[in-house]
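Residue numbers (our numbering): 501 to 1158. Where a beta carbon is used, it is the ideal one built from N, C-alpha and C, also for glycine. Here the structure is a predicted model, which is why all the values come from computation and not from measurement. Below is one structure; the comments refer to it alone.
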């Protein structure tokens, strides 16, 4: 149904003197325009009946820009698009252009809030709505819209033009788009349609593959990847030890037990996967599985200082040189009678970093503060024991616990471990620090993440390839630029870029893209086989861009903290969450949450109970206005508004009826 605006709460008409001044100014502007050949700026008109009457008198269409002062996308529309000479000429010659502050004139803001800010609206002279577009458009994307409107006006087909031109976002870099498609095809070929999981006859927990499948389903709008992720987690759950908890390393094609060792980083990954499955489905069973996995870690792999050991090897335990799988069919007493499998008591930094991330995700999913307390406790142990003082972290520090192990492979001497900076260690610690910053708002974690980035750039950046080396070898030896670790580095840099600077720190984003391109060659990617999920996830994050959640207020304000915690719990895998002081966003006199992409923003959210609803509506709006080659999205039906729960203003005869 076509929307009719109605004229709502117009300003008081000007007196005669005001009209004379306006006429003189308009005449002077015409002289200047005639002399220069074009205008220097768009000739904006106010939202009042005079503007509509002028459009009828001159038989011109109306273009409206509705936004707010704090909206970054609105500012870009103003400084970039409305500064373009061709845009200025078309708007001034062929349209009556109206600009409205949605907060100063909230009735108009409410009328067009379904399209986010800026809302770009086209109307007939009588106020009938023709079409609408959400978000910032660069000149090369805005000019075709203007020309289409004018062409259809000439052809008399304006009212048939109720289309969704999904060009809301700037074009993605072609190379990254092609890389994303190629990696996804490679991953798709390795997926097991019968039993879930990726790869050959053996099934193994592959946490980042599951994370990428959830991301793909959520962001690209491909629902069956959600089901594939859940099917894979159903298989993973069959690898969960029913007696002690913890997931075994691998299963057969049907997920029955194949490799009974338990590896710390796999426990971390499946905790994160189970927590995300709970957020996606709302089924408590998934959170229960995360708790059971955590129980195993605390009983068998937790060290005296609160960090976690590396793994447990079932093939070496008291009373037997090897254990067959029958051992794991026994109950607790039966197993203990034969002896407890040995534990590798190395405390490895990257594995503990992954546990910090997993615990933070579990806190976000279920709200149990014990998860977050543990994550921060582990992080503080890593900082106090592993931070070199130069920003980077040691992978291993030999300690007395290690001496109790009957190791198959001897550890390096302490002197050999001390000077080595490993890329994998740094990127996982970087992600862990940002996970804590995003769940607490404590700037200490962000400062540490920035220090770590500077150390990575100083020691591991490879000028030749644009990527990062796995470690800096002594002398002038050859360097390795690993695929997965560079993908993780790019993802860390992308997240850090948006935490450091609203809208993203461009040098960091460029460095992230450079790292991906350094390892994105066809031959290199093909050699990775199914193990390209990290690369796929990083490329998709960079292409999609983040959802920036900004709480305007301080952590010491109870209302701001309540909004922040509600945002922590809200499910959005692109989330960048932080506190901000007023400035970019206005000070309303009370805390408020804003959610923005690079082109759209929500209205201020001031109640924690409204966060989930506002996010769901905003996600739908972004999905409807952002192109995705893989998308399979339900279009907005006629008669359905994105902000369905927001009442339309009572405008009398001109009521909105979309």
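Margin query: On the DSSP bridge list, what partners appear for residue 811?
Written below: Counting from one through the chain shown, the residue named residue 811 turns up at place 311. Note: residue 811 sits in a beta bridge opposite 763, 844.
Notebook entry, point to check: Expressed to the nearest angstrom, what Euclidean distance is found between the alpha-carbon atoms of residue 1131 and residue 658?
Noted result: Position 631 of the chain shown, counted from the start, is the residue given in the question as residue 1131. Position 158 of the chain shown, counted from the start, is the residue given in the question as residue 658. Model confidence at residue 1131 stands at a pLDDT of 41, short of 50, so the residue's coordinates are unreliable; what they give is reported in the following sentence. Approximately 27 Å, taken between the alpha carbons.
Checklist line | residue 590 classed as buried or exposed, judged by whether at least 16 other C-beta atoms fall within 10 angstroms | finding: Numbered from its first residue, the chain shown carries residue 590 at position 90. Counting C-beta atoms within 10 angstroms of its own C-beta, residue 590 has 16 or more neighbours from the protein chains shown and is therefore classed as buried.
Check: Would you say residue 560 and residue 598 are within 7 Å of each other, going by their C-beta atoms?
Finding: Within the chain shown, the letter at position 60 stands for residue 560. Within the chain shown, the letter at position 98 stands for residue 598. No, Cβ-Cβ distance for residue 560 and residue 598 is not below 7 Å.
Next item on the list: Give the secondary structure of residue 1054 by DSSP, where H, G and I count as helix, E and B as strand, and everything else as coil.
Entry: Within the chain shown, residue 1054 is the residue found at index 554, counting from 1. If DSSP states are grouped into helix, strand and coil, residue 1054 belongs with coil.
Notebook entry, point to check: Once you ignore the five residues that flank residue 749 on each side, which residues in its own chain have a CB closer than 6 Å to its CB?
Noted result: Here residue 749 is taken as the residue at index 249 of the chain shown, counted from 1. Hits under 6 Å: 759, 761, 763.
Notebook entry, point to check: For residue 644, which option in 607, 581, 606, 1084 has the closest C-alpha, if you only look at C-alpha atoms?
Noted result: In the chain shown, the residue the question calls residue 644 occupies position 144. The option with the nearest alpha carbon to residue 644 is 581.
Check: What residue does the beta strand (DSSP E) around residue 631 start on, and which one ends it?
Finding: Working through the chain shown from its first residue, we reach residue 631 at position 131. First-last of the beta strand (DSSP E) with residue 631: 629–634.
Next item on the list: Use the C-beta contact count for residue 854: other C-beta atoms within 10 angstroms, 16 or more gives buried, fewer gives exposed.
Entry: To locate residue 854, count along the chain shown from 1; it is residue 354. Per the 10 Å Cβ criterion, buried.
Notebook entry, point to check: Looking at residue 1032 and residue 683, is the spacing between their C-beta atoms short of 7 Å?
Noted result: Taking the chain shown and counting its residues from 1, the one referred to as residue 683 is at position 183. Taking the chain shown and counting its residues from 1, the one referred to as residue 1032 is at position 532. A contact, by the Cβ cut-off of 7 Å.
Note to self: Report the start-end ranges of each alpha helix (DSSP H) in the stretch 950–1026 that is 4 residues or longer and not cut off at the edges.
What the structure shows: Listed in chain order, the alpha helix (DSSP H) runs fully inside the stretch 950–1026 are 983–1000, 1006–1018, counting runs of at least 4 residues.
Note to self: Looking at the strands, I want to know which residues DSSP matches up with residue 1039.
What the structure shows: As a working mapping, residue 1039 is identified with position 539 in the chain shown. Looking at the DSSP assignment, residue 1039 forms no beta bridge with any residue, so it has no partner.
Check: Mind checking whether residue 1111 and residue 1067 have CB atoms under 7 Å apart?
Finding: For the purposes of this step, residue 1111 is taken as the residue at position 611 of the chain shown. For the purposes of this step, residue 1067 is taken as the residue at position 567 of the chain shown. Their beta carbons are under 7 Å apart, which means residue 1111 touches residue 1067 by this criterion.
Check: Which of the three DSSP states, helix, strand or coil, is assigned to residue 563?
Finding: Counting from one through the chain shown, the residue named residue 563 turns up at place 63. In the three-state scheme derived from DSSP, where H, G and I count as helix and E and B as strand, residue 563 is classed as strand.
Next item on the list: Tell me, to the nearest whole angstrom, how far the beta carbon of residue 937 is from that of residue 999; I am working on the premise that it is less than 8 Å.
Entry: Here residue 937 is taken as the residue at index 437 of the chain shown, counted from 1. Here residue 999 is taken as the residue at index 499 of the chain shown, counted from 1. Rounded, the Cβ-Cβ distance is 7 Å, consistent with contact.
Margin query: To the nearest angstrom, how far is the alpha carbon of residue 952 from that of residue 992?
Written below: Locating residue 952 in the chain shown gives position 452, counting from the first residue. Locating residue 992 in the chain shown gives position 492, counting from the first residue. Taking the Cα positions, residue 952 is about 11 Å away from residue 992.
Margin query: Restricting to Cα atoms, I'd like to know which of 837, 1086, 718 is closest to residue 1046.
Written below: Translated into positions along the chain shown, residue 1046 becomes position 546. Of the listed residues, the one whose Cα sits closest to residue 1046 is 718.
Margin query: Would residue 1092 and residue 1073 be called neighbours here (beta carbons separated by less than 7 Å)?
Written below: Stepping through the chain shown from its first residue, residue 1092 is reached at position 592. Stepping through the chain shown from its first residue, residue 1073 is reached at position 573. No, the pair does not count as a contact, with Cβ atoms beyond the cut-off.
Checklist line | Whole-angstrom C-beta distance between residue 1052 and residue 1080, which should lie under 8 Å | finding: Numbered from 1 along the chain shown, position 580 holds the residue referred to as residue 1080. Numbered from 1 along the chain shown, position 552 holds the residue referred to as residue 1052. By a beta-carbon distance limit of 8 Å, residue 1080 contacts residue 1052. Their separation comes to about 5 Å.
Next item on the list: Give me the Cα-Cα distance between residue 983 and residue 710, rounded to the nearest whole angstrom.
Entry: Translated into the one-based positions of the chain shown, residue 983 becomes position 483. Translated into the one-based positions of the chain shown, residue 710 becomes position 210. Near 18 Å, if we compare the C-alpha coordinates of residue 710 and residue 983.
Notebook entry, point to check: CB residue 1035 to CB residue 987, shorter than 7 Å?
Noted result: Locating residue 1035 in the chain shown gives position 535, where the first residue counts as 1. Locating residue 987 in the chain shown gives position 487, where the first residue counts as 1. Yes, the pair counts as a contact, with Cβ atoms nearer than the cut-off.
Next item on the list: Go ahead and label residue 878 buried or exposed: buried means 16 or more other beta carbons lie within 10 angstroms of its beta carbon, across all protein chains shown.
Entry: Start at 1 with the first residue of the chain shown, and residue 878 comes out as number 378. Flag for residue 878 reads buried.
Item checked: Closest Cα partner of residue 1011 within the set 544, 928, 968, 583 -> The count along the chain shown starts at 1 and reaches residue 1011 at position 511. Minimum Cα distance to residue 1011 is reached at 968.
Check: Is residue 524 buried or exposed, if buried means 16 or more other CB atoms sit within 10 Å of its CB?
Finding: Position 24 of the chain shown, counted from the first residue, corresponds to residue 524. The predicted position of residue 524 is uncertain, since its pLDDT is 47 and thus under 50; a value taken from the coordinates is nonetheless stated next. Burial call: exposed.
Notebook entry, point to check: Taking buried to mean at least 16 other C-beta atoms within 10 Å of its own C-beta, is residue 840 buried or exposed?
Noted result: Working through the chain shown from its first residue, we reach residue 840 at position 340. Counting of Cβ neighbours within 10 angstroms places residue 840 among the exposed residues, the total staying below 16.
Margin query: For residue 1030, report the span of its beta strand (DSSP E) as first-last.
Written below: Working through the chain shown from its first residue, we reach residue 1030 at position 530. Per DSSP, residue 1030 belongs to no beta strand (DSSP E) and is neither H nor E.
Item checked: Residue environment, residue 675, which counts as buried when at least 16 other CB atoms sit within 10 Å -> Taking the chain shown and counting its residues from 1, the one referred to as residue 675 is at position 175. Residue 675 should be labelled exposed.
Check: Which of the three DSSP states, helix, strand or coil, is assigned to residue 698?
Finding: In the chain shown, the residue the question calls residue 698 occupies position 198. DSSP places residue 698 in strand when its eight states are reduced to three.
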